[in-house]
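Q: Next up is a structure, given as structure tokens.
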Amino acid sequence: MSKKNATSGYNRGRLLRTAMTVGMLAILFALPYFNHNEYQLDVLVSAGIFAILVLGLNVMTGYCGLLNLGYAAFFASGAYTYAIL
Numbered sequence: 368m369s370k371k372n373a374t375s376g377y378n379r380g381r382l383l384r385t386a387m388t389v390g391m392l393a394i395l396f397a398l399p400y401f402n403h404n405e406y407q408l409d410v411l412v413s414a415g416i417f418a419i420l421v422l423g424l425n426v427m428t429g430y431c432g433l434l435n436l437g438y439a440a441f442f443a444s445g446a447y448t449y450a451i452l
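Take a look at the structure:
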């Protein structure tokens, strides 16, 4: 009787997740070279910035259980500086 490796499913899932992440990053980095519509690129950049902000806030409030308003302060100072420039 052959034994099935208990970690083979885990490794396959991890490999698939890594491949999908690398593929998505490659698409995101190649998108500005193929899409010359500045409005769409501006919307995608704004969506990416908000996604990074939300992920950081999720780590602080979800995993750590802390309410840290430093993220909002840095985001506000960046937005204020961008508006002035």
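In the numbering used here, the protein residues as written are 368 to 452.
C-beta atoms are modelled at their ideal positions from N, C-alpha and C, and glycine is treated no differently.
1) How close, in whole Å, do the beta carbons of residue 415 and residue 438 come, if the pair is a contact with beta carbons under 8 Å?
2) What is the residue span of the alpha helix (DSSP H) that residue 428 lies within?
3) Does the separation of the CB atoms of residue 442 and residue 411 fall below 7 Å?
4) Run through DSSP, which three-state label would residue 404 get?
A: Let me lay it out:
1) Not confirmed; about 16 Å, so no contact.
2) It is not in any alpha helix (DSSP H) - residue 428 carries neither H nor E in the DSSP assignment.
3) no
4) Coil at residue 404, not helix or strand.
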